[in-house]
Amino acid sequence: MRIELPEKVKRIIKRLEEAGFEAYAVGGCVRDTLLGRNPDDWDITTRATPAQIKGLFHKTIDTGIQHGTVTVLMDGEGFEVTTYRIDGEYEDARHPKEVSFTTSLEEDLKRRDFTINAMAYNDRAGLIDLFDGKGDLEKGIVRCVGNAEDRFSEDALRMMRAIRFSAQLGYEIEAGTKLAICGLSENIRRISAERVQMELNKLVTSPHPEMLRTAGETGILKVVLPELQLAMETPQEHPHHCYNVGEHIIHTMQQVEATKELRLAAMLHDIGKPQCLTVDEKGLTHFYGHARASAELAREVLRRLKYDNHTIDTVCRLVLYHDYGNGVQPDQRKVRHAMNKIGEDLFPMLFALKKADILAQSGYLRKEKLEGLEEWKRIYDEILETGQCVSLKTLAITGRDLIAMGMKPGKRLGEVLEEALKLVLDHPEYNRKEILQEWVLENHTL
């Protein structure tokens, strides 16, 4: 079987081979090429030692020299070239205590995580597939190389990677591999929050975020996101809903675009419902105040997983306001005030989240809910098109104008601007400098 290697990869392999060293493209780039995808990067494995690699190329960077990895620069583009290696004992469920170099490609491939990531290729030898990775690609299976318990005991993060690959590719996790995850899921506690976050991001933005169910079935969710595991066990007995809280969350995630902020907001929008659950005399469940509770809990979760402040702020605002305006007949004044309160930048994502939330509910009043949302969106678009003011940045009068009129800088100046903004939110036609200056003179002492 022939794979078309990029020219620079061919040049690196050729130079190594001419010097007497085996070299292959390896891992994810081979997998993605067999799937008809363009790899994000190309990794190369070789019998040559790091010192020998560095001696053969003019420009190199010691990116992981202790693990045998040298980055070779070809016309400014970097390619990781790694010596065949055998990993020593793993002491922290993540990193080997030591690595030793080997001259055997088979030994190098045996230490890799999954069969679909343990294939190598060069034009001379063709595809090297010692563990039937190509067969697993064709069958749609994620399977460990060798003994699954050994692979996951070496590196616990591989358990999340298995679920993530199944979500990205739409594959099943092989039964023995899945069973091993169930037995070792607690080891994820030894993995840093930053690494867990990276895998979670890839999972939630994948074509199959519903693979979070597999994370729940295997015990991973209980460790990484116990709040979502609890939601999976929380009923919703109400005409508006046809799923429990967790299933509703997953269906909401499936309905939004695969961006990090939107998928995280969908995942967390009802995360506070379990703590707000009440049951009335008819047996109907209610979750009063769940939007605020969910936003507060979402902030805790995202901080625990070391998300950046921008992501936390965006996601938590979406969660807090995901029910805002439901059942309210909108008009321009209400929508302007909502844009000011929530943030005009957030509205496109908020509309997407609200629509997904509706589509993940029962069919009860769905048509009316979608029509109401569409009316909010129509008025929002109208406000944008006509350039109406909804925040201080487009208010026709500024702090400098007030100072020029004789007002002293300070807290009161800001308060006057906020009052002027409230006036304009109610009466957009007043957003003219001369009108607002006259209003200030009539209502405030300079």
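Residue numbers (the working numbering): 148 to 593. Just so you know, even glycine gets a beta-carbon here, dropped at the ideal spot from N, CA and C. Predicted, not measured: the structure shown is a model, and the values here were computed from it.
Practice item. Kindly indicate which three-state DSSP category residue 274 falls into: helix, strand or coil? Key: strand
Exercise for review: Within 10 angstroms of the Cβ of residue 198, are there 16 or more other Cβ atoms? Answer buried if so, exposed if not.
Suggested key: exposed
Review point. According to DSSP, is residue 448 helix, strand or coil?
Key: helix
**Study point:** Burial state of residue 453 (16 or more Cβ within 10 Å)
**Key:** exposed
Review point. With DSSP run on the structure shown, which of helix, strand or coil describes residue 537?
Key: Residue 537: coil per DSSP, three-state reduction.
Exercise for review: Under 8 Å by Cβ, that's how I've got residue 371 and residue 347 pegged, so tell me the actual separation to the nearest angstrom.
Suggested key: 7 Å
Check your understanding: Under a Cβ-count criterion, where at least 16 other Cβ atoms within 10 Å of its own Cβ denotes burial, should residue 247 be classed as buried or exposed?
Key -> exposed
Exercise for review: To the nearest angstrom, report how far apart residue 380 and residue 394 are at their CA atoms.
Suggested key: 9 Å
Exercise for review: Would you give the residue range spanned by the beta strand (DSSP E) that residue 233 belongs to?
Suggested key: 232 to 234
Exercise for review: Give the single residue among 294, 335 and 342 whose Cα lies nearest to the Cα of residue 321.
Suggested key: 294
Point to revise | Segment contact, 8 Å Cβ cut-off, at least three pairs: the stretch 296 to 311 with the stretch 330 to 345 | key: yes
**Study point:** Stretch-stretch touch, CB-based, cutoff 8 Å, three pairs: the stretch 561 to 576 with the stretch 532 to 540
**Key:** yes
Point to revise | Run of the alpha helix (DSSP H) containing residue 456, from where it starts to where it stops | key: 456 to 467
Exercise for review: Can you give me the Cβ contacts of residue 451 inside the same chain, cut-off strictly under 8 Å, excluding the 5 residues immediately before and after it?
Suggested key: 340
**Study point:** alpha helix (DSSP H) runs contained entirely in the stretch 250 to 311, provided each spans 4 or more residues
**Key:** 252 to 257, 280 to 286 and 295 to 301
Check your understanding: To which residues of the same chain is residue 313 closer than 8 Å at the C-beta, ignoring the five residues directly before and after it?
Key -> Correct list, in chain order: 289, 319, 320, 355, 358 and 361.
Check your understanding: Under 8 Å, do residue 162 and residue 221 count as touching if we go by C-beta distance?
Key -> no
Review point. In chain order, what residues of the same chain have a beta carbon less than 8 Å from the beta carbon of residue 171, not counting five sequence neighbours either side?
Key: 160, 191, 192, 193, 252, 267, 268, 269, 272 and 275
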